[in-house]
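Going by our numbering, the first residue of the sequence shown is number -19, and it counts up by one from there.
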Amino acid sequence: MKNLQDILYKVRIKEVYGSTDIDVNDIQIDSRNVKQGSVFIAIKGEKTDGHKFFDKVIEQGVVAIICEALPKKILDNITYVQVENTHEAVAYLANNFYNEPSKKFKLIGVTGTNGKTTVATVLYKLFTQLGYKCGLISTVQNMVGETVIPATHTTPDAISLNKLFKQMADENCTHVFMEVSSHAIHQHRITGVYFSGGIFTNITHDHLDYHKTFDEYIKVKKKFFDDLPASAFAIS
């Protein structure tokens, strides 16, 4: 259980209705998973908009709603937090909820158009052979030590990602190697994550259906390296 006020650290807040000094059991972006004591973050996705499910999550016992647009009717028993960007907000919320798990091991991010899976997997296997307990987050599969965890995206959503990081930290992983997609960078899935280093493989004219222009694609990739802490290394 966490305090809402504590997990809102670093979130860019516009308005708050209700108390943030409340206990929360979990955080969710999927309305189907909301239960008593949940915080629901309304994400505008490609296929649907979480802002459409306020009534549903209230019926399921949500205690707080994080949103970009407030509902017309504000209920006294629900805390509403209006933010600039819910994609960014959920990343900070997840990082805070799981106690900044990416700071508890050396996390290496691998980005580029091609070669991410190969580089991340080779590094995972190399460091494992050297005797370190490692984690892997890739398109093919995720690994916590020798335990396989099925992968759903190149880079998981922010909640799933930080939950996986916590599992790796709890299992005493010392090094984690992770694919970082341009979609994940643009959609703030890695916002708030602490990287010890970044590796750039290459860049080609793929993914322009999403990024629209090559310049925008380069800009997104560059942001990953711009956001690395001063102590991190970068290899290209």
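Quick reminder that beta carbons are idealized off the backbone N, C-alpha and C, glycines included. Values in this document were obtained by computation on a predicted structure and should not be read as measured data.
Selected residue, minimal CA-CA separation from residue i, among the options
| i | options | result |
| --- | --- | --- |
| Tyr78 | Ile179, Cys47, Asn142 and Gln8 | Asn142 |
| Ile7 | Asp56, Pro51, Thr28 and Thr66 | Thr66 |
| Phe213 | Gly178, Lys105 and Gly125 | Gly178 |
| Asp56 | Ser216, Glu48, Ile9 and Val42 | Val42 |
| Tyr112 | Thr154, Asp150 and Asn(-17) | Thr154 |
| Pro51 | Asn76, Gln40 and Ala22 | Ala22 |
| Glu26 | Ala210, Leu208 and Tyr190 | Tyr190 |
| Lys199 | Ile129, Gly172, Ile183 and Pro81 | Ile183 |
| Gly172 | Lys32, Gln109, Tyr72 and Asn13 | Tyr72 |
| Ile58 | Ala69, Val70 and Gln40 | Gln40 |
| Lys96 | Thr119, Lys32, Cys114 and Thr108 | Thr119 |
| Ile139 | Asp10, Thr0 and Leu110 | Asp10 |
| Ser82 | Cys114, Thr28, Glu196 and Thr108 | Cys114 |
| Glu80 | Glu196, Met148, Asp3 and Asn13 | Met148 |
Three-way DSSP call (helix, strand, coil) for residue i in this model
| i | result |
| --- | --- |
| Ser18 | strand |
| Tyr(-11) | coil |
| Gly115 | strand |
| Asn122 | strand |
| Asp35 | helix |
| Val53 | Checking the sequence shown, residue 53 turns out to be Lys, not Val. Lys53 falls in the coil class under three-state DSSP. |
| Asn13 | helix |
Proximity test, Cβ basis, 8 Å: residue i and chain B
| i | result |
| --- | --- |
| Lys146 | No chain B is part of this structure, which consists of one protein chain only. |
Opposing strand residues paired with residue i [DSSP bridges]
| i | result |
| --- | --- |
| Gly89 | Met158 and Gly178 |
| Glu(-5) | Gln62 |
| Ile215 | Ile179 |
| Val128 | Met123 |
| Ile45 | Phe20 and Tyr60 |
| Lys(-18) | Val4 |
Residue span of the alpha helix (DSSP H) that contains residue i, given as start and end
| i | result |
| --- | --- |
| Met148 | Ala138 to Asp150 |
| Ile198 | Phe194 to Asp206 |
| Gln109 | Lys96 to Gln109 |
The beta strand (DSSP E) enclosing residue i, as first and last residue numbers
| i | result |
| --- | --- |
| Asp6 | Asp6 to Gln8 |
**Report entry** Three or more C-beta pairs below 8 Å linking the stretch 198 to 208 and the stretch 165 to 185
**Finding:** Yes, the stretch 198 to 208 touches the stretch 165 to 185.
Query raised in the report: Taking contact to mean at least 3 C-beta pairs separated by less than 8 Å, is the stretch 55 to 64 in contact with the stretch -6 to 2?
Result: Contact holds: three or more Cβ-Cβ distances are below 8 Å.
Query raised in the report: Are the stretch 86 to 101 and the stretch 153 to 161 touching by the rule of at least three beta carbon pairs closer than 8 Å?
Result: Short answer: they touch.
Query raised in the report: Does the stretch 102 to 119 come close enough to the stretch 10 to 21 that 3 or more CB-CB pairs lie under 8 Å?
Result: Between the stretch 10 to 21 and the stretch 102 to 119 there are fewer than three C-beta pairs closer than 8 Å, too few to call the two in contact.
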